[in-house]
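J.:
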Amino acid sequence: MFVDYPPSLDQRLSRSDTFRFSCHKGLSCFNSCCRNKHLPLTPYDVLRLKTALGLDSDEFLSRHTLYNIDPRSSFPIISIRMKNNPERSCPFVSPEGCTVYEDRPTACRLFPLARAVALGMEGDERREFFTLLDIPGCLGLREPAVMSVEQWMHDQGLEAYIAMNDPMVDFVLRAKNALGRPLDEASLRRVIVSCYNIDVFRDFVFSTNFLDAFEIEEKMCRRARDDDVALLELGLVYLKRGLAS
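If you're matching positions, the sequence shown starts at 1454 in our numbering and goes up one per residue.
1) Can you tell me the Cα-Cα spacing of Phe-1513 and Ser-1527, whole angstroms?
2) Please work out which residues of its chain come closer than 8 angstroms, Cβ to Cβ, to Asp-1587, disregarding the five sequence neighbours upstream and downstream, and give them in chain order.
3) Measure the alpha-carbon distance for Pro-1529 versus Ser-1647 and round it to whole angstroms.
4) Judging by CA-CA distance, which residue of Asp-1498, Lys-1536, Asp-1463 and Leu-1506 is the nearest neighbour of Lys-1490?
5) Is the segment 1499 to 1519 close to the segment 1650 to 1661, with three or more CB pairs under 8 angstroms?
6) With a cut-off of 8 angstroms on the beta carbons, I'd call Val-1570 and Val-1644 a contact; round off their distance for me.
7) Note the first and the last residue of the continuous alpha helix (DSSP H) segment covering Ile-1651.
8) Count the other CB atoms, across all protein chains shown, that sit within 10 Å of the CB of Asn-1618; report buried if there are 16 or more and exposed otherwise.
9) Tell me, to the nearest whole angstrom, how far the beta carbon of Pro-1544 is from that of Arg-1534; I am working on the premise that it is less than 8 angstroms.
10) Leu-1689: which of Cys-1487, Tyr-1497 and Leu-1466 sits nearest, CA to CA?
11) In angstroms, rounded to a whole number, what distance separates the CA positions of Leu-1684 and Asp-1637?
12) Among Leu-1692, Glu-1671 and Arg-1516, which one has its Cα closest to the Cα of Pro-1620?
13) Does the segment 1465 to 1477 come within contact of the segment 1592 to 1607, defined as at least 3 CB pairs closer than 8 angstroms?
14) Where in the segment 1559 to 1620 do unbroken runs of the alpha helix (DSSP H), each at least 4 residues long, occur, reported from the N-terminal end onward?
15) Report the option in Cys-1561, Ala-1567 and Phe-1483 whose CA atom is closest to the CA atom of Gln-1464.
16) Could you tell me the distance, in whole angstroms, from the CA atom of His-1607 to the CA atom of Gly-1633?
17) In angstroms with no decimal places, state the Cα-to-Cα distance between Arg-1675 and Val-1499.
18) Take the Cβ of Tyr-1520 as the centre, count every other Cβ of all protein chains shown within 10 Å, and call the residue buried at 16 or more, exposed below.
19) Based on Cα-Cα distance, which residue from Arg-1579, Glu-1686 and Pro-1493 lies nearest to Leu-1626?
20) For Ser-1485, which of Phe-1624, Ser-1542 and His-1517 has the nearest alpha-carbon?
21) On the criterion of 16 or more Cβ atoms from any shown chain inside 10 Å, does Phe-1631 qualify as buried, or is it exposed?
22) Using only alpha-carbon positions, find the residue among Arg-1678, Cys-1482 and Glu-1555 that is nearest to Ala-1505.
23) In terms of residue numbering, what span does the beta strand (DSSP E) encompassing Thr-1471 cover?
Spelled out as structure tokens, the structure:
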């Protein structure tokens, strides 16, 4: 998972630090980490999942997510809607494991680690911190396999996720300090549409006077028309300009 506050000094891990962990079906606790969780999703997580499931973003958000407001930043938090069963299991877990494994969210890829990002005193330096989660009953932490945080991130395919997530994290942290007030309803709608409801945002961009009004570079427009990742990047540009005004 990922957290918005640095772990204590004695629990911090760097990318070169090592830890023990291995998860596999031979463990009696297999799949137990995929239930009764608050599992927040980044915009890129939503994009990957809705594409993997063959759903448009509106349907994915309605069917599989919950919406809350973070009291510290006042930004929306989108999280996985767990099943309405006694275990509150993830809708994407099966006895064989994760059914969306190739497109699983950032928090699932990081597990059993957590990652926090903070800005320096001047607000221009991103710092990251890792910590090993306290997971009662997790037998994977007793396995002999040892790896560095860097190796784990590479093995779990986190590079693309971090590259997409960190600009949004930076923006939220800076906006939290600069705005000095909670987001109003109009701003919340901007965040939801431009960052999470990507198919609705596409209609907004290409079916209105958006491109002229915001004077978006032609190269970015061409990329965003055919590439959802580029469209998500455009959404962050729009969000920065919209909230700044």
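For glycine and all other residues, C-beta sits at the position ideal for the given N, C-alpha and C. Note that this is a predicted model, so its numbers are computed, not measured.
T.: From the atom records:
1) Approximately 23 angstroms between the Cα atoms of the pair.
2) Nothing listed; no residue qualifies.
3) Distance between the alpha carbons of Pro-1529 and Ser-1647 is about 12 angstroms.
4) Ranking Asp-1498, Lys-1536, Asp-1463 and Leu-1506 by Cα distance to Lys-1490 puts Lys-1536 first.
5) Contact between the segment 1499 to 1519 and the segment 1650 to 1661 is present, with at least three C-beta pairs closer than 8 angstroms.
6) Rounded, the Cβ-Cβ distance is 18 angstroms, inconsistent with contact.
7) Run containing Ile-1651: 1651 to 1659, per the alpha helix (DSSP H) assignment.
8) Asn-1618 should be labelled buried.
9) Indeed, because the Cβ distance is near 7 angstroms, the residues count as touching under 8 angstroms.
10) Relative to Leu-1689, the option among Cys-1487, Tyr-1497 and Leu-1466 whose CA is nearest is Tyr-1497.
11) Taking C-alpha positions only, Leu-1684 is separated from Asp-1637 by approximately 24 angstroms.
12) Minimum Cα-Cα distance from Pro-1620 among the listed residues Leu-1692, Glu-1671 and Arg-1516 corresponds to Leu-1692.
13) Put simply, the segment 1465 to 1477 touches the segment 1592 to 1607. At least three CB pairs are less than 8 angstroms apart.
14) Within the segment 1559 to 1620, the complete alpha helix (DSSP H) runs of at least 4 residues are 1559 to 1563 and 1602 to 1608.
15) When the alpha-carbon of Gln-1464 is set against those of Cys-1561, Ala-1567 and Phe-1483, the nearest one is in Ala-1567.
16) Their backbone Cα atoms lie some 37 angstroms apart in a straight line.
17) Those two C-alpha atoms are separated by around 22 angstroms.
18) It counts as exposed.
19) Among Arg-1579, Glu-1686 and Pro-1493, the Cα nearest to that of Leu-1626 belongs to Arg-1579.
20) Cα-wise, what sits closest to Ser-1485 is Ser-1542.
21) As written in the sequence, residue 1631 is Ala, which differs from the Phe given in the question. Under this definition Ala-1631 is an exposed residue.
22) With distances taken between CA atoms, Ala-1505 lies nearest to Glu-1555 out of Arg-1678, Cys-1482 and Glu-1555.
23) For Thr-1471, the uninterrupted beta strand (DSSP E) run begins and ends at 1471 to 1473, by DSSP.
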